[in-house]
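Residue numbers (my numbering), protein chains in the order written: chain A, 1 to 257; chain B, 1001 to 1263. From the three backbone atoms N, C-alpha and C, an ideal C-beta is built for every residue, glycine too. Below is one structure, written out as structure tokens; the observations come after it.
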């Protein structure tokens, strides 16, 4: 119940900045258009394997849509809470720090899904002919993958956020996470077209769950077995976050006065 | 001491202050370099798999990237406060700067400094490597060096102008972070590649509204491709100068609309 209240309060707070958010949605539409244009340019000169140009346009467009379902605030806002000393109060709450931070972020992700991902989906369906799957199972597996992607993103952001206790500032870890994600998630190019060494790194990382796995499920190019590895990552990252929380309790020191 | 002397002194103070947290300083420098390398990796993978895109070779696209990112990081080095101006308005920090006995814009610019050594090293490495290959292929002459230096300077001015207009919009709308995603991030992402890839309306935006196309694409059509005349360099310098004048004008008007938000 507490978790639900926290998520809803974050969702409602995000509603306060609707004008600013509209600008971001427009920017996101343009970003998607840029990436689609790249593939249209490449596809105009050569075959694009099993995807074809239209398939790659759909792949990129859907990636841009779901980007917002796995987009988290920097370190789940923990850096600021460390800087202001708020983290000490967070740790005495009768709720685990990870559950507290993750619930708030879930509200933010729900907002992103409704007010950014959904409009993008409609725009890209109309402008790029993004296919709409007819089988309920495809929707089910895609939604399951997206839920796991969102949870994985929250776990990674939490692990980054708590590093602020040691480094004062953890913003660069977030930026590194975003940029590595951009390549290893298959956002710009499907994993199977990457050089072998990069494929190995990508497949050994949790990043494909953000884009590659859900998009291939949505396009009907993969089955539910592709969710097995992401499930393992969710479990492993949950353990990591619990361990990190225990370390935080031993490390925390209140700054300021 | 004149304004430039004061600005240089404040810049040094910011650098020293930033280095007080040694672990944080070293980590952020290393991570900044890693971020730019990993961002570039996506483009590299794409180009290594597919080679040329719409007639632009890997090295020519690398040149576009190198010029754009070098200009971007030079701008970020001294315009970090402009690039991240929203907190000054939201937290009321600008009030303190208004009290300083110096021009407001200079006070804002010198209030924050960002170390960009790692990022600049990456973009310059890409730029030099691409110029080297283009020279070896005989596609350009040594004239490419002074011409590139010129467009890096004009590109930095264009970036600064776009950033200043975005920051100045904050005097009316307060929140500018999302606006800068549109005017800075989206435009930078687009201009890493030849504008000829994009639909006409987007090309028009990038040439006439937010003229990032003049940072690299337009001059590169002369310097690297040799398809357009030397007039492109004059036009680039003209656009940079005009953009700066417009930006300073918008900033001046915006300052008169400022309402403190501090408590």
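- Query: If you run the structure through DSSP and keep just helix, strand and coil, what is residue 1053(B)?
  - Reply: Locating residue 1053(B) in the second chain gives position 53, where the first residue counts as 1. Strand, per DSSP.
- For residue 233(A), go through chain B and note every residue whose CB falls closer than 8 Å to its CB, in chain order. Here the question's residue 233(A) lines up with position 233 in the first chain. Within 8 Å Cβ-Cβ: nothing; residue 233(A) doesn't reach chain B, min ~20 Å.
- May I ask whether a heavy atom of the ligand COA can be found less than 7 Å away from the beta carbon of residue 113(A)? Ligands are entirely absent from the displayed structure, and the ligand COA is therefore not among its contents.
- Message: Less than 7 Å between C-beta atoms, sequence neighbours within five positions excluded: which residues of the same chain meet that for residue 955(B)?
- Response: A question about residue 955(B) goes unanswered here, because the residues of chain B that appear run from 1001 up to 1263.
- Task: Take every Cβ of the stretch 1001 to 1008 of chain B, pair it with every Cβ of the stretch 150 to 160 of chain A, and state whether three or more of those distances are shorter than 8 Å.
- Result: no
- Message: Assuming contact is defined by CB atoms lying nearer than 8 Å, are residue 1186(B) and residue 31(A) in contact in what I supplied?
- Response: Along the second chain, one-based indexing puts residue 1186(B) at 186. Along the first chain, one-based indexing puts residue 31(A) at 31. Yes.
- With a cut-off of 8 Å, does the C-beta of residue 176(A) fall near any C-beta of chain B? Start at 1 with the first residue of the first chain, and residue 176(A) comes out as number 176. Interface residue, yes.
- Can you find at least 3 beta carbon pairs, one from the stretch 211 to 228 of chain A and one from the stretch 82 to 97 of chain A, that sit closer than 8 Å? no
- Burial state of residue 259(A), where buried means 16 or more other Cβ atoms lie within 10 Å: Absent from the model: residue 259(A). The displayed extent of chain A is 1 to 257, so no value can be given.
- Test: residue 1024(B) CB closer than 8 Å to a CB of chain A: Looking up residue 1024(B) in the second chain gives position 24. Taking Cβ atoms only, chain A reaches closer than 8 Å to residue 1024(B), which makes this a yes.
- Item | Nearest-angstrom Cα separation, counted from residue 188(A) out to residue 257(A) | Here the question's residue 257(A) lines up with position 257 in the first chain. Here the question's residue 188(A) lines up with position 188 in the first chain. Residue confidence is low: residue 257(A) scores 48 on pLDDT, short of 50, so the model does not pin down where it sits. Its coordinate-derived value is still stated next. Cα to Cα, the separation comes out at about 47 Å.
- Item | residue 1250(B) at chain A interface by Cβ criterion, 8 Å | Position 250 of the second chain, counted from the first residue, corresponds to residue 1250(B). It does not: the Cβ of residue 1250(B) has no partner Cβ on chain A nearer than 8 Å.
- Task: Kindly list the residues whose CB is nearer than 7 Å to the CB of residue 56(A), restricted to its own chain and excluding five residues on each side of it in sequence; keep chain order.
- Result: In the first chain, residue 56(A) corresponds to position 56, counting from 1. Excluding residues within five positions, the ones whose Cβ falls inside 7 Å are 39, 43 and 48.
- Message: Would residue 193(A) pass as an interface residue toward chain B - the criterion being a Cβ-Cβ separation below 8 Å?
- Response: Locating residue 193(A) in the first chain gives position 193, counting from the first residue. It does: the Cβ of residue 193(A) has a partner Cβ on chain B nearer than 8 Å.
- Query: Shorter than 8 Å from the beta carbon of residue 1053(B) to some beta carbon of chain A?
  - Reply: Along the second chain, one-based indexing puts residue 1053(B) at 53. It does: the Cβ of residue 1053(B) has a partner Cβ on chain A nearer than 8 Å.
- Query: Is there a Cβ from chain A that is less than 8 Å from the Cβ of residue 1175(B)?
  - Reply: Taking the first residue of the second chain as 1, we reach residue 1175(B) at position 175. Closer than 8 Å to some Cβ of chain A, the Cβ of residue 1175(B) qualifies, so yes.
- Task: Identify whether residue 1104(B) lies in helix, strand or coil by the three-state DSSP scheme.
- Result: For the purposes of this step, residue 1104(B) is taken as residue 104 along the second chain, with counting starting at 1. In the structure shown, residue 1104(B) sits in a helix (DSSP, three-state: H, G or I).
- Measuring CB to CB, does residue 70(A) end up less than 8 Å from residue 105(A)? Start at 1 with the first residue of the first chain, and residue 70(A) comes out as number 70. Start at 1 with the first residue of the first chain, and residue 105(A) comes out as number 105. No, the pair does not count as a contact, with Cβ atoms beyond the cut-off.
- Taking only beta-carbon positions, decide if residue 41(A) is within less than 8 Å of chain B. Here the question's residue 41(A) lines up with position 41 in the first chain. Closer than 8 Å to some Cβ of chain B, the Cβ of residue 41(A) qualifies, so yes.
- Task: List in chain order: all unbroken beta strand (DSSP E) runs of 3+ residues lying wholly within the stretch 118 to 142 of chain A.
- Result: none
- In chain order, what residues of the same chain lie with their CB nearer than 6 Å to the CB of residue 1082(B), ignoring the 5 residues before and after it? The residue given as residue 1082(B) occupies position 82 in the second chain. Hits under 6 Å: 1163, 1164 and 1167.
- From what residue to what residue does the alpha helix (DSSP H) around residue 1063(B) run? In the second chain, the residue the question calls residue 1063(B) occupies position 63. Taken as a continuous stretch (DSSP letters only), the alpha helix (DSSP H) holding residue 1063(B) covers 1058 to 1083.
- Count the other CB atoms, across all protein chains shown, that sit within 10 Å of the CB of residue 1091(B); report buried if there are 16 or more and exposed otherwise. Position 91 of the second chain, counted from the first residue, corresponds to residue 1091(B). Exposed, since its Cβ has fewer than 16 Cβ neighbours within 10 Å.
- Query: In chain A, which residues lie less than 7 Å from residue 1189(B) when you measure between Cβ atoms?
  - Reply: Against the second chain, residue 1189(B) aligns to sequence position 189. Those within 7 Å of residue 1189(B) in chain A are 31 and 34.
- Query: Beta carbon of residue 1071(B), beta carbon of residue 1156(B): below 8 Å?
  - Reply: For this step, residue 1071(B) is matched to residue 71 along the second chain. For this step, residue 1156(B) is matched to residue 156 along the second chain. Cβ distance < 8 Å, so residue 1071(B) and residue 1156(B) count as in contact.
- How about residue 194(A) and residue 202(A): do their beta carbons lie closer than 8 Å? Along the first chain, one-based indexing puts residue 194(A) at 194. Along the first chain, one-based indexing puts residue 202(A) at 202. Cβ atoms of residue 194(A) and residue 202(A): closer than 8 Å.
- Query: Is it the case that the Cβ atoms of residue 207(A) and residue 184(A) are separated by a distance below 8 Å?
  - Reply: For the purposes of this step, residue 207(A) is taken as residue 207 along the first chain, with counting starting at 1. For the purposes of this step, residue 184(A) is taken as residue 184 along the first chain, with counting starting at 1. Yes.
- Item | beta strand (DSSP E) segments (min. 3 residues) lying fully within the stretch 189 to 232 of chain A | none
- Message: Under 8 Å, with one C-beta from each stretch per pair, do the stretch 1094 to 1113 of chain B and the stretch 1142 to 1150 of chain B reach the 3-pair mark?
- Response: no
- Query: With DSSP run on the structure shown, which of helix, strand or coil describes residue 1012(B)?
  - Reply: Sequence index remark: in the second chain, residue 1012(B) carries index 12 (1-based). In the structure shown, residue 1012(B) sits in a helix (DSSP, three-state: H, G or I).
- Query: Using DSSP with H/G/I as helix, E/B as strand and the rest coil, what is residue 103(A)?
  - Reply: By 1-based counting over the first chain, the position of residue 103(A) is 103. Three-state result, residue 103(A): helix.
- Task: Measure the alpha-carbon distance for residue 22(A) versus residue 15(A) and round it to whole angstroms.
- Result: Along the first chain, read from residue 1 onward, the residue named residue 22(A) stands at position 22. Along the first chain, read from residue 1 onward, the residue named residue 15(A) stands at position 15. Answer to the nearest angstrom: the Cα atoms are 11 Å apart.
- Task: Between the Cα of residue 1122(B) and those of 1205(B), 1040(B) and 1238(B), spot the shortest distance and give me the residue it belongs to.
- Result: Here the question's residue 1122(B) lines up with position 122 in the second chain. Of the listed residues, the one whose Cα sits closest to residue 1122(B) is 1040(B).
- Query: Can residue 252(A) and residue 165(A) be called in contact, C-beta distance under 8 Å?
  - Reply: What you label residue 252(A) is simply residue 252 of the first chain in a count that begins at 1. What you label residue 165(A) is simply residue 165 of the first chain in a count that begins at 1. In contact: residue 252(A) and residue 165(A) (Cβ atoms closer than 8 Å).
- Task: Examine the Cβ distances between the stretch 1052 to 1061 of chain B and the stretch 1125 to 1139 of chain B and report whether three or more of them are shorter than 8 Å.
- Result: yes
- Query: Can you tell me whether DSSP reads residue 17(A) as helix, strand or coil?
  - Reply: In the first chain, the residue the question calls residue 17(A) occupies position 17. Note: residue 17(A) maps to helix in three-state DSSP.
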